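Using my numbering, the letters of the first sequence correspond one by one to residues 2 to 484. Read through the structure below, which is laid out as structure tokens, and then see the notes.
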Amino acid sequence: MKRDELSKVREEKLNKLEEKGVEPFSNKFSISCSLSQVNQQFKEFEGKPVKVAGRIMSVREHGKSTFMDIQDKDSKVQVYYKLDTVGQETYEILQLLDIGDHIGVSGEVFKTRTGEITIVAKELLPLTKCLNPLPQKWYGLQDVETRYRQRYLDLVMNGEVKDIFLTRSKIITGMRSFLNKHSFIEVETPMMQPLPGGALAKPFITHHNALDIDLYLRIAPELYLKKLIVGGYEKIYELNRNFRNEGTSTRHNPEFTMLELYWAYADYEDLMEFTEQMFNELVKETKGSNEVIYQSQKISFPEKWERITYAEAFKKYCGIDVEKDSEEQIRKEAKKKGVDADDSFWHILDSLFKKFAIPNFIQPIFVTDFPIELSPLAKEKKGSEGKIVERFQPFIGALELGNAYTELNDPREQEKRFKKQTQMRDKGDEEAHPLDKDFITALEYGMPPTAGLGIGIDRLTMLLTDSKSIRDVILFPLLRPEA
RNA sequence: GGGGCAAUAACUCAGUUGGUAGAGUAACGGCCUUUUAAGCCGUGAGUCGGGAGUUCGAAUCUCCCUUGCCCUACCA
């Protein structure tokens, strides 16, 4: 049957309800308890009157009596009504109910002889009519495209999807309370920026009419947050969206949620410990243990995570000595390994690392001490002769979950780095960091020694919900509009 | 951007070597007052993603397009 024919049937029922004086879209229905309360505290509720509400998920008619399952935010209860108790007139009205309708039920709690917790209805009224047929109950909604485009249907039909976003909420709440507990202050900085900075990525561009200026959706809040450290805050964080004008993949959505925190008088070593603590606590809170299964792999969160330097990882997984091997040698090796050798040298290194090293980082690990060329905002490591920065990235389940470093606070050095980036930009590197004079000025006023950390909330949620694709942890992932 | 796979009823899916489209669920009608993937009897339901081609004949073969998924590239 065509969709509109099915909807027409429902519209006719709606009309009949109105004819009978029943409002098919109510303003209010006060419940006395939730369905999970009825289920969990059955003994206290047994034989007592309750008022509950929910969406009809299935109906079993038996002539002069009817069973239906109703579902609310997190639970399901059977409702039962019979001709005897509701009367002929009401029973006829109830024939006009459909799967998908929201109803309010007043009745008494009991158990059927098969042991099912049930509410026998004294009064039962439609709260909201559902005009479109719901997907079928047994197989739920499988079609991936419909699940993303009409996420509400996915949530109605697939309970485990609701759980994923519940976990996401727990992660964000848990993170905020962890940070607040450690005296961090939540701040908000511009999402629309005249100059996009703080990361190496392509921005979205937009326009402000009154000022007649182009603005960029932020690729990161980093530079603004550091200005606040200059201003005298010592522990701050921002937990919100970033936007990057890039392709999508199972690990990338153009808008994604990031935690960034800055901590004055700390360095990246302090932050590694802080990150361990925060992750370990979040895992415990959301999973109830210090273990997670991600894509069939068991991941344990020890008190102290493994650490490996970028150079060590290169040696171990790519067979390349980044400190000693010449650029020519490395390019040759890259070509042998199937990595595009025409790219700029640092991109080749990055590609090699992603292809050969990252897949091995299943258990929690910090990769530390990156080459300076890949990190224009990080402070150089003492004694590294300007080659290496104090930076780390946490990896778990082969997912890159964040990025952190001791912040570069020398305005002269920062300007030099920006100029180098500008040269790369002139050579066609669209992602090179633009020179931000305002930021340099801020640094000239003096930013205390500071460490900064960014955590990808979406990827962390993937890890803790065993999701393969980032689209499964974003309620409305970006899709091409339907033709 | 490149490659692979997919799209059939509202939902979940079958559909053989090319021969005029099928099931279950949902819907509608009937029977049924403790069922639970209720059951039984009956009815209706389709631009086979879109377009072109090959053919006497296309859901099926070819090409183009659309959308999605996976891989890859780009991207911390």
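Ideal Cβ positions, reconstructed from N, Cα and C, are used throughout, including at glycine. Remember, it's a predicted structure, so these values are computed and weren't measured experimentally.
{"Item": "So, for S468: in the same chain, excluding its five sequence neighbours on each side, which residues have a beta-carbon less than 6 angstroms away from its beta-carbon?", "Value": "V474"}
{"Item": "Below 8 angstroms between beta carbons: does that hold for F302 and P365?", "Value": "yes"}
{"Item": "Can you tell me whether T174 is helix, strand or coil according to DSSP?", "Value": "helix"}
{"Item": "Does the ligand GTP have a heavy atom nearer than 7 angstroms to the CB of G175?", "Value": "The ligand content of the structure shown is nil, which means the ligand GTP is not present either."}
{"Item": "With DSSP collapsed to three states, give me the class of A265.", "Value": "strand"}
{"Item": "Do N254 and I471 come within 8 angstroms of each other at the CB atom, strictly closer than that value?", "Value": "yes"}
{"Item": "Is the distance from the Cβ of G248 to the Cβ of E223 below 8 angstroms?", "Value": "no"}
{"Item": "Should F354 be labelled buried (16 or more other beta-carbon atoms within 10 Å of its own) or exposed?", "Value": "buried"}
{"Item": "By Cβ distance, which residues of its chain are closer than 6 angstroms to F30, with the 5 residues on each side in sequence left out?", "Value": "A54, G105, L128"}
{"Item": "Determine which residues share a DSSP beta bridge with N243 and list them.", "Value": "F257"}
{"Item": "Looking at C-alpha atoms only, which residue of S59, V188, I120 is the closest neighbour of K236?", "Value": "V188"}
{"Item": "Nearest to D411 by CA position, among I397, S385, L378, is which residue?", "Value": "L378"}
{"Item": "Based on the DSSP output, what are the partners of Q278 in its beta bridges?", "Value": "In DSSP, Q278 forms no bridge with anything."}
{"Item": "For R418, count neighbouring Cβ atoms within 10 angstroms of its own Cβ and tell me buried if that reaches 16, exposed if not.", "Value": "buried"}
{"Item": "Closest to I172 by CA distance: which of L229, F393, E282, R413 is it?", "Value": "E282"}
{"Item": "Excluding five sequence neighbours on each side, which residues of the same chain lie with their C-beta closer than 7 angstroms to the C-beta of N291?", "Value": "N281, V284, K285, S301, F302"}
{"Item": "In the DSSP output, what is E146 paired with across the bridge?", "Value": "Note: E146 sits in no beta bridge, so no partner."}
{"Item": "Considering just the uninterrupted stretch of the beta strand (DSSP E) at E307, what are its terminal residues?", "Value": "307-310"}
{"Item": "With distances taken Cα to Cα, identify the nearest neighbour of R245 among A265, M193, Y263.", "Value": "M193"}
{"Item": "What beta strand (DSSP E) runs, 3 residues minimum, are completely inside the region 398-468?", "Value": "403-407, 451-457"}
{"Item": "State the DSSP-derived secondary structure class of F302, mapped to helix, strand or coil.", "Value": "coil"}
{"Item": "Measure how close the beta-carbons of T407 and K380 come, nearest whole angstrom, since I'm counting them as under 8 angstroms.", "Value": "4 angstroms"}
{"Item": "Could you give the DSSP three-state label for G248: helix, strand or coil?", "Value": "coil"}
{"Item": "Considering Cα atoms alone, identify which of P195, M158, P50 is closest to P435.", "Value": "P195"}
{"Item": "Would you give the residue range spanned by the alpha helix (DSSP H) that E329 belongs to?", "Value": "328-337"}
{"Item": "List, from N- to C-terminal side, the alpha helix (DSSP H) runs of 4 residues or more that fit wholly inside the region 106-152.", "Value": "145-150"}
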